[in-house]
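Colleague: For reference, the structure I am asking about is given below.
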Amino acid sequence: MKHVMLILASLALAIFASAATYNNTVSGSQTAAPDVDGIALNLTAAGDLPGMNHVKLQRDGQNVVGGTWRLTVLPGNANASSTERGELVGTITGGTLTLNAEGTLATASSVQVVLQGGTGEFDNVTTGNGTLTIAANAENPSQLSGTLILNF
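Here it is as structure tokens:
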């Protein structure tokens with residue numbers, strides 16, 4: 001019995017230890033001027049999980065109060081004929097925003113991502129979390145850049 005418990009403990013530890021951190025830089029733009037309740041972003045991710053990232057932030061003033069998140073992961077050397085590796089999807093649970101004088105996104109800080117599932121190579125992903133941080137370019141405020149860090 002003691003031997004079986006040691007094996008089970010080792011397996012549980014291996015499962016928890018298998019979580020990895022994935023670092024990406026993101027760049028892109030806001031899809032349209034924000035409305036009272038939300039902001040939509042189209043971002044390109046480069047790094048550990050390159051691909052296309054679609055983010056919808058729900059807000060109450062300058063507080064992020066919800067939203068959705070989707071990352072279509074592509075091969076590192078993707079071109080027009082590349083097949084996606086899979087998708088990661090989840091929700092947004094919090095963060096803070098600042099808007100510039102025109103009412104568009106200036107910064108999004110500590111935006112909390114909760115992973116809820118995946119497809120393709122990521123179909124075994126059922127949980128995870130991450131942080132998205134974005135800032136507008138000082139010379140060209142319509143261009144956004146930042147980081148996306150995911151743990152799963």
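Here the sequence shown stands for residues 1 to 152, numbered as in this note's numbering.
Built from N, CA and C at the ideal position, the CB exists for glycine as well.
Keep in mind the model is a prediction, meaning the values are calculated, not measured.
In whole angstroms, what is the alpha-carbon distance linking F152 and Q112?
Modeller: Locating residue 152 in the sequence shown gives position 152, where the first residue counts as 1. Locating residue 112 in the sequence shown gives position 112, where the first residue counts as 1. Those two C-alpha atoms are separated by around 14 Å.
Colleague: Residues in the same chain with beta-carbon distance under 6 Å from D134, minus the five sequence neighbours each way, listed in chain order, please.
Modeller: Residue numbering aside, residue 134 sits at position 134 when the sequence shown is read from its first letter. Here residue 134 turns out to be Ile, not Asp, going by the sequence shown. Correct list, in chain order: A108, L144, G146.
Colleague: For T107, which residues does DSSP report across the bridge?
Modeller: Here residue 107 refers to the residue found at position 107 of the sequence shown. In the DSSP output, where bridge partners are listed per residue, T107 has T98, A135.
Colleague: Would you say the beta carbon of N53 comes nearer than 7 Å to a heavy atom of the ligand NAP?
Modeller: Questions concerning the ligand NAP fall outside what the structure shown contains, since it holds no ligand whatsoever.
Colleague: Which first and last residues belong to the beta strand (DSSP E) in which S82 is found?
Modeller: Here residue 82 refers to the residue found at position 82 when the sequence shown is read from its first residue. Neither: S82 is in no beta strand (DSSP E) and is coded neither H nor E.
Colleague: In the structure shown, what three-state DSSP assignment does G120 receive?
Modeller: Taking the sequence shown and counting its residues from 1, one reaches residue 120 at position 120. Of the three classes helix, strand and coil, the one that applies to G120 here is helix, per DSSP.
Colleague: Just checking my contact of N53 with L74 at CB under 8 Å: how many whole Å lie between their CB atoms?
Modeller: Stepping through the sequence shown from its first residue, residue 53 is reached at position 53. Stepping through the sequence shown from its first residue, residue 74 is reached at position 74. Contact flag wrong, Cβ pair sits at about 11 Å.
Colleague: Rounding to the nearest angstrom, what Cα-Cα distance links Q62 and V114 in this structure?
Modeller: Here residue 62 refers to the residue found at position 62 when the sequence shown is read from its first residue. Here residue 114 refers to the residue found at position 114 when the sequence shown is read from its first residue. Cα-Cα distance, rounded: 20 Å.
Colleague: Going by alpha carbons, who is nearest to R59 out of N77, A45, T31, T96?
Modeller: Taking the first residue of the sequence shown as 1, we reach residue 59 at position 59. Cα-wise, what sits closest to R59 is T96.
Colleague: Does DSSP classify V162 as helix, strand or coil?
Modeller: Since the first and last residues shown for the chain are 1 and 152, residue 162 lies out of range.
Colleague: Could you say which of D37, I39, T21, P50 lies nearest to S27 if we only look at CA atoms?
Modeller: By 1-based counting over the sequence shown, the position of residue 27 is 27. It is P50 whose Cα lies nearest to the Cα of S27.
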